[in-house]
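Have a look at the structure below, then the notes.
So, in structure tokens, the structure goes:
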């Protein structure tokens, strides 16, 4: 049994939904389908979720929202017409949405329900279309699917009792179409995940069903081993581990948001990223355990916008608790950090630049001076992090040499290096201006 | 004005003391001399300080200590005879020591005074010898020199008022001979520094006098750029900065204990390490500010006996305070750590193996499991750290490439890398068995 999730671009139009139906019919194991709301059809288009947010905003400020409502319904109309389904379906969806707007909800729940209606309507459309093709499909509301969430609107968390309920769906032979992005509290209140939460729904359903595979259909053939905006037509990654995916996702790879993978990760369900527009491409599979691949490096991630806070003090190393007290000061200011490479008597804390406003900066430096009495404190902005990622680096002598040589070849000075004993990744900190040069040089070293 | 400190081997015999006198006469700027107690004359010999500790132990348990006392006095007799000084001096020293043993001190102060008498007696011998050569020299008790310490026997700390008092010694034109290793509390109680504390006395006196140079005479021509037990006849370091010295000292270089340098470091007094047996050799000078040297690496340090504590948790990176809480657990158990290289979702804490007893290990791991709920925790023992040190690495592209290539050439896998933004040093963690191979390969890469 497989769970297939189709993202916004895969369900953006009737044409796309026809591809989705073919994909579902193509493999009888695809028994549970999770859908996003219709996304962009082209780069100028607006996502239905954004149209719904506009609608909610208009409603909230007491504006006449007829125009916003029409824009949403128009998207459904085109899709439904394109799939040659009865216009009755438009009326049903329209009534559902008007009902939400008029119902006696508190304003927060109402806005949540308006946002979530994008996924919900699309699930209804797709199930109706599948039935019209003679498939034994059924729309399944998340409440009936068993997706029970904590009462945290906009960032709801799955409750553990859900998984057992979801498992019961195995009894049926129907194909279920479940809207992503939302669920219900034990009291029956509709709540949504964070944005992009359809991936979370798919991951939860795959975990609950103990599915053999969680397929995540997007609009790329696979995950690339490096940012294609830096390297033209880079190699594709056929397989990587959760850990590798996580390190790459952190370093600027945006296929997934990492929370989405947690339920699948915990249940050890493999995840496959595939292309709705080219379903025969192998895609990229994410697994728990690494396989032998030959190349120790699976991908190169890079991201800008970092800074380092450097603190040095003679004999710092002998002061028990120095590092901990420094991190405490940052934590007090709500600043989270990424890495803490250190010498004997110095410590650099690497963090995202945007976290450190000028006010916070002077306050933090003042506290460090007053409480830790260092010899020197300074801040360096405009840093980029580059990570080379691969679980096999552990057993490959010479990987670090190859990587550092690539930096030297690109004439980029390495400001910081950080490699923990897991050796899933090695992090390099450099000045931002060198990042493209360094990434291309690393790509040539490991993938050409 | 220079302060010259002579270590145990430099004052171990009459022959050595004659060299010391020549060195003092050789440069009129050498106006304040600090001495250790007589050290070993050969590898089978016993240091006078150890003989004195035996004497103190015998006294403490109420044993007849005549034999231990004789052994100490015998060393002085030979030296005094070898310097052709009056045997009266032996009697004076003998009486001073017997007085300490019989005086109505508390036992702790008595043991401190017995230990300190080694330096004290040698200072008296050397000053008498210098006078016999027609030099206007004078023994100066640390109390009269102004060395006022906190009441922490065996680990006393300098009190700030000392420096002003010491500065007054500049008024005299005499050559002062000050015993190292001890001082007095404001109440007049004798207290010692930690073992090897004559270096501290020298450093304090140099700082107080605002000396132009603090000369530290030992039995090596200079500091080597790598452990001579690993590389045969390695290159000598002519100049290095305090920071570099500190990083090297940490990684197994034992010329100095690092605390000793603090007063000189704070007062920015350059320190020169020279050889009593070859005073014309240039020695190694330690300065505040780096000079351009050409080679970005000044030395390679290595040390065994480390371990890493590895903790991984999916999405650790999003948990504000995770690292700080982990360090808190270690701090609660009194465990200090060296480095914390990290991936996105994992953190390695590198620490000295001997700190983690089996009981502490299971307790710490239990706490980590209970309080931080990681996916995985494990400990890897038998690690060595290798550091390449040099303040100029910062401006040299390709240093990391050269270093990592040296590891690859030696077929040594790098388990951890840590380089903070100061770039005074890069730390590599490897398995202990590879350390000699890796150090030799690094030496060849940077110094041949």
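Residue numbers (this note's numbering), protein chains in the order written: chain H, 1 to 448; chain X, 1001 to 1448.
Here a beta-carbon is modelled for each residue, glycine too, at the ideal position from N, C-alpha and C.
| Interface flag, residue 965 of chain X vs chain H, CB-CB below 8 Å | Limits of chain X in this structure are 1001 at one end and 1448 at the other, which puts residue 965 of chain X out of reach.
| request: Taking residue 436 of chain H as part of the alpha helix (DSSP H), name the residues at either end of that continuous run. | output: The count along the first chain starts at 1 and reaches residue 436 of chain H at position 436. Its alpha helix (DSSP H) spans residues 435-447.
| field | C-beta neighbour in chain H for residue 1002 of chain X, strict 8 Å | value | If you number the second chain from 1, residue 1002 of chain X lands on position 2. Taking Cβ atoms only, chain H never reaches closer than 8 Å to residue 1002 of chain X, which makes this a no.
| query | To the nearest angstrom, how far is it from the Cα of residue 1181 of chain X to the Cα of residue 1419 of chain X? | reply | Locating residue 1181 of chain X in the second chain gives position 181, counting from the first residue. Locating residue 1419 of chain X in the second chain gives position 419, counting from the first residue. Rounded to whole angstroms, residue 1181 of chain X to residue 1419 of chain X spans 36 Å at the Cα level.
| request: Determine the chain H residues that contact residue 1432 of chain X at a beta-carbon separation under 9 Å, and present them in chain order. | output: Within the second chain, residue 1432 of chain X is the residue found at index 432, counting from 1. Under the 9 Å cutoff, chain H gives no residues; its nearest Cβ is about 14 Å from residue 1432 of chain X.
| request: State the DSSP-derived secondary structure class of residue 236 of chain H, mapped to helix, strand or coil. | output: Here residue 236 of chain H corresponds to residue number 236 of the first chain, with the count starting at 1. Looking at residue 236 of chain H - three-state DSSP - the assignment turns out to be strand.
| task | Below 8 Å on the Cβ atoms is my guess for residue 379 of chain H versus residue 309 of chain H; work out the distance and round it to an integer in Å. | result | Translated into positions along the first chain, residue 379 of chain H becomes position 379. Translated into positions along the first chain, residue 309 of chain H becomes position 309. With a Cβ gap of about 6 Å, residue 379 of chain H and residue 309 of chain H count as contacting.
| Which chain H residues are close to residue 1343 of chain X, counting only those with a beta carbon under 7 Å from its beta carbon? | The residue you call residue 1343 of chain X lines up with position 343 of the second chain. Those within 7 Å of residue 1343 of chain X in chain H are 247, 420, 422, 424 and 425.
| field | Per-residue burial, residue 1476 of chain X [other beta carbons within 10 Å of its own, 16 or more giving buried] | value | This structure cannot speak to residue 1476 of chain X, because chain X is shown only from 1001 to 1448.
| query | Who does residue 1179 of chain X pair with in a DSSP beta bridge? | reply | For this step, residue 1179 of chain X is matched to residue 179 along the second chain. Answer is X/1035.
| said: If you reduce the DSSP assignment to three classes, tell me which class residue 275 of chain H lands in. | reply: The count along the first chain starts at 1 and reaches residue 275 of chain H at position 275. Of the three classes helix, strand and coil, the one that applies to residue 275 of chain H here is strand, per DSSP.
| Beta-carbon proximity check, residue 456 of chain H vs residue 162 of chain H, cutoff 8 Å | Outside the shown range of chain H (1 to 448) lies residue 456 of chain H, about which nothing can therefore be said.
| request: May I ask you to report which of helix, strand or coil DSSP gives residue 396 of chain H? | output: Mapped onto the first chain, residue 396 of chain H falls at position 396. In the structure shown, residue 396 of chain H sits in coil (DSSP, three-state: anything other than H, G, I, E or B).
| field | Whole-angstrom distance between residue 1142 of chain X and residue 1096 of chain X, CA atom to CA atom | value | Counting from one through the second chain, the residue named residue 1096 of chain X turns up at place 96. Counting from one through the second chain, the residue named residue 1142 of chain X turns up at place 142. About 16 Å.
| As assigned by DSSP and simplified to three states, the class of residue 356 of chain H | On the first chain, residue 356 of chain H is found 356 positions in, with the first residue counted as 1. Coil at residue 356 of chain H, not helix or strand.
| said: When you compare the CB positions of residue 38 of chain H and residue 21 of chain H, do they come within less than 8 Å of one another, or not? | reply: Taking the first residue of the first chain as position 1, residue 38 of chain H is located at position 38. Taking the first residue of the first chain as position 1, residue 21 of chain H is located at position 21. Contact: no.
| Where residue 1304 of chain X falls: helix, strand or coil (DSSP) | Looking up residue 1304 of chain X in the second chain gives position 304. The answer is strand: DSSP assigns residue 1304 of chain X an E or B state.
| Where does residue 1193 of chain X fall in DSSP's three states? | Taking the first residue of the second chain as 1, we reach residue 1193 of chain X at position 193. Three-state result, residue 1193 of chain X: coil.
| Measuring CB to CB, does residue 388 of chain H end up less than 8 Å from residue 422 of chain H? | If you number the first chain from 1, residue 388 of chain H lands on position 388. If you number the first chain from 1, residue 422 of chain H lands on position 422. Result no, Cβ atoms of residue 388 of chain H and residue 422 of chain H do not sit closer than 8 Å.
| field | Positions along the region 1345-1373 of chain X whose CB lies within less than 7 Å of some CB in chain C | value | Of the protein chains in this structure, namely H and X, none is chain C.
| query | Which residues in chain X sit within 7 Å of residue 8 of chain H, going by Cβ to Cβ distance? | reply | Counted from its first residue, the first chain places residue 8 of chain H at position 8. Within 7 Å Cβ-Cβ: nothing; residue 8 of chain H doesn't reach chain X, min ~24 Å.
| query | Looking at the structure shown, is residue 262 of chain H part of a helix, part of a strand, or coil, going by DSSP? | reply | For the purposes of this step, residue 262 of chain H is taken as residue 262 along the first chain, with counting starting at 1. Note: residue 262 of chain H maps to helix in three-state DSSP.
| CB-CB under 8 Å to residue 1064 of chain X, same chain, minus the five flanking residues each way: which ones, in chain order? | Sequence index remark: in the second chain, residue 1064 of chain X carries index 64 (1-based). Within the same chain, residue 1064 of chain X has close Cβ partners 1058.
| For residue 965 of chain X, which residues of its own chain have a beta-carbon under 6 Å away from its beta-carbon, when the five flanking residues on both sides are left out? | A question about residue 965 of chain X goes unanswered here, because the residues of chain X that appear run from 1001 up to 1448.
| message | Which complete beta strand (DSSP E) runs does the region 11-98 of chain H hold, if anything under 3 residues is left out? | response | 30-35
| message | Taking the alpha-carbon of residue 28 of chain H as reference, which of H/397, H/136 and H/188 has the nearest alpha-carbon? | response | On the first chain, position 28 is the one that residue 28 of chain H refers to. Residue H/136 is the option with its Cα nearest to residue 28 of chain H.
| For residue 340 of chain H, which of helix, strand or coil comes out of DSSP? | By one-based count along the first chain, residue 340 of chain H stands at place 340. Reduced to three states, the DSSP call for residue 340 of chain H is coil.
| Which whole-angstrom value is the C-beta distance of residue 1276 of chain X and residue 1023 of chain X, which I expect to be below 8 Å? | Here residue 1276 of chain X refers to the residue found at position 276 when the second chain is read from its first residue. Here residue 1023 of chain X refers to the residue found at position 23 when the second chain is read from its first residue. Confirmed, about 7 Å.
| N-terminal and C-terminal residue of the alpha helix (DSSP H) that residue 206 of chain H is part of | For this step, residue 206 of chain H is matched to residue 206 along the first chain. Its alpha helix (DSSP H) spans residues 198-208.
| Count the other CB atoms within 10 Å of the CB of residue 1116 of chain X; is the residue buried (16 or more) or exposed (fewer)? | Your numbering for residue 1116 of chain X matches position 116 in the second chain. Buried, by the Cβ-count rule.
| query | Identify the residues that DSSP records as bridge partners of residue 1216 of chain X: which are they? | reply | Here residue 1216 of chain X refers to the residue found at position 216 of the second chain. Beta-bridge pairing links residue 1216 of chain X to X/1005 and X/1273.
| If we ignore side chains and look at the alpha-carbon of each, how far apart do residue 1189 of chain X and residue 1369 of chain X end up? | In the second chain, the residue the question calls residue 1189 of chain X occupies position 189. In the second chain, the residue the question calls residue 1369 of chain X occupies position 369. The straight-line gap from Cα to Cα measures roughly 50 Å.
| said: Tell me the rounded alpha-carbon separation between residue 1215 of chain X and residue 1205 of chain X. | reply: Translated into positions along the second chain, residue 1215 of chain X becomes position 215. Translated into positions along the second chain, residue 1205 of chain X becomes position 205. Taking the straight line joining both Cα atoms gives about 11 Å.
| request: Could you pull out every residue in the same chain whose Cβ sits closer than 6 Å to the Cβ of residue 19 of chain H, ignoring the five residues on either side in sequence? | output: Position 19 of the first chain, counting from 1, holds the residue named residue 19 of chain H. Once the five neighbours on either side are set aside, the close Cβ partners of residue 19 of chain H are 276.
| field | Span of the alpha helix (DSSP H), counted from its first residue to its last, around residue 1324 of chain X | value | Residue mapping note: residue 1324 of chain X aligns to position 324 of the second chain, counting from 1. 1322-1332 is the span of the alpha helix (DSSP H), which, as asked, contains residue 1324 of chain X.
| So what's residue 1227 of chain X in DSSP terms, helix, strand or just coil? | Within the second chain, numbered from 1, the residue matching residue 1227 of chain X stands at position 227. Looking at residue 1227 of chain X - three-state DSSP - the assignment turns out to be coil, as it is neither helix nor strand.
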